[in-house]
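This report concerns only the one structure given below.
Numbering (our numbering), first residue to last: 1 to 425.
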């Protein structure tokens, strides 16, 4: 990403906007000059992005465009104005770029294509190719933007990008299947989740291919050790989006809701089975387990995200069940809280930002007063680290109070209509 920034002012402006914004947030007292720097670089990047997208000639290098859009989503998430729809607008923009400019590039290399050559890491280094193809970097950026879109969809501000991506991946898969209709030995058609994971796996070799023979052996082995946990994170992107889409169906007794709920339930069960060993290991981790190991740190923030998806699914499909009473709910809540304690013991409240959404849902679902107060205290502290977290704290405090007064779960997306927008990872 920083290599791109060295060559592309648009990406550099966004890197500086985020850096200056974070520095300003950590200052005890910011000056008018320092507070204007992030906005200056952000607006400069916006102008360059508009120019790049508005050109009539066909664009074939999406690395910088996707990077800029992803950084803009992060910027709006952390520093955006309370009444701004910037995060949602950028996700819609990414969906439009995908639909109108990138459609034919959502193809994967032929089986005999050598993806280990450095030419595939970045589009600008690929040279001429007989077949339009995503760079490894662009594929990885699509996965990251998908994760941001799924997070925004959880509070009603996203979903546009993932709907477009899944539609185009399914269309590309249908075209591939039609091409191989007469080949009885060809691969079977892929489900939407399998197509999505295929794109993620295609991007797995990005760092190794980009570095070539200079890639450190320790990093190579570390990548291999963490591959499965990152696969789970990628599955979480799509599952979180699927649950958010389910929540938009108003009548839970309708055939549409029941069919979609069955599909989501099957996908969650499949993920529980596929990653059973990782989940077992996470249950064995104790606070003293060395957090400096990347796998341990990743488990402590990715597994709570997976459990939060299941918690929200149960919240949506069983809206009248008592808070925190079902055996599955109790297990999910206990694991989220336990891993949050461990994460905080190593990284402090700042580290809890990585699991803000699991904690947010746990605060809404738990019937344990001590856990609820602890979560509210953590959100109040995290609120000092970004406007979106401050908005989430105020919403959570009011939502918990309303649930206590009415004895019923609040509808997050319906209640959000009266509150400033926030997005939690």
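The beta-carbon is built from N, C-alpha and C at its ideal position, and this holds for glycine as well.
- Here residue 77 has 87, 388 and 423 as same chain residues with Cβ atoms under 7 Å from its own Cβ, once five neighbours each way along the sequence are excluded.
- Going by beta carbons, residue 39 and residue 68 fall outside the 7 Å limit.
- Excluding five sequence positions before and after residue 73, the CB atoms of its chain that fall closer than 6 Å to its own CB belong to 87, 90 and 148, given in chain order.
- Our two residues, residue 3 and residue 107, have alpha carbons roughly 25 Å apart in a direct line.
- Around the C-beta of residue 341, fewer than 16 other C-beta atoms lie within 10 Å, and the residue is accordingly described as exposed.
- Around the beta carbon of residue 373, fewer than 16 other beta carbons lie within 10 angstroms, which makes this residue exposed.
- For the pair residue 238 and residue 193, the CB atoms are nearer than the 7 Å cut-off.
- In its chain, beyond the 5 residues on either side, 362 and 371 have a beta carbon closer than 7 Å to the beta carbon of residue 337.
- Its chain contains 155 and 156 as the residues whose beta carbon lies nearer than 6 Å to that of residue 416, once the 5 sequence neighbours on both sides are disregarded; these appear in chain order.
- Secondary structure of residue 81 (DSSP, three-state): coil.
- The C-alpha of residue 49 is placed about 10 Å away from the C-alpha of residue 42.
- With respect to the C-alpha of residue 317, the residue from 244, 274, 369 and 290 having the closest C-alpha is 244.
- DSSP places residue 293 in the coil class of the three-state scheme, outside both helix and strand.
- Sorting 144, 291, 242 and 22 by C-alpha distance to the C-alpha of residue 347 places 291 at the top.
- By the beta-carbon neighbour count (other beta carbons within 10 angstroms, threshold 16), residue 367 is exposed.
- Residue 136 has its alpha-carbon roughly 45 Å from the corresponding atom of residue 320.
- Secondary structure note for residue 223: its alpha helix (DSSP H) is the uninterrupted segment 217–247.
- With a minimum length of 4 residues, the unbroken runs of alpha helix (DSSP H) contained wholly in the segment 295–381 fall at 327–351 and 356–365.
- Counting C-beta pairs closer than 8 Å gives three or more between the segment 273–289 and the segment 298–305, which meets the contact rule.
- Setting aside the 5 residues that flank it on each side, residue 297 is surrounded in the same chain by 291, each with a C-beta closer than 7 Å to its C-beta; the list follows chain order.
- Per DSSP, residue 21 is one residue of the alpha helix (DSSP H) stretching across 9–26.
- Nearest to residue 96 by C-alpha distance, out of 250, 325, 34 and 161, is 161.
- Cβ-Cβ distances below 6 Å link residue 14 to 45, 68 and 71 in the same chain, with the five nearest sequence neighbours on each side left out; the list follows chain order.
- Per DSSP, residue 256 is one residue of the alpha helix (DSSP H) stretching across 255–274.
- The C-alpha of residue 217 lies about 10 Å from the C-alpha of residue 208.
- Counting the other Cβ atoms within 10 Å of the Cβ of residue 164 gives 16 or more, which makes it buried.
- Straight across, the Cα-Cα distance linking residue 357 with residue 22 is about 20 Å.
- Residue 81 and residue 382 have their C-alpha atoms roughly 18 Å apart.
- DSSP, reduced to helix, strand and coil, places residue 55 outside both helices and strands of the structure shown, so it counts as coil.
- By the CB criterion at 7 Å, residue 403 and residue 393 fall outside the cutoff.
- Collapsing the DSSP output to three states places residue 278 in a helix.
- For the options 55, 391 and 235, the alpha carbon positioned closest to that of residue 199 is the one of 235.
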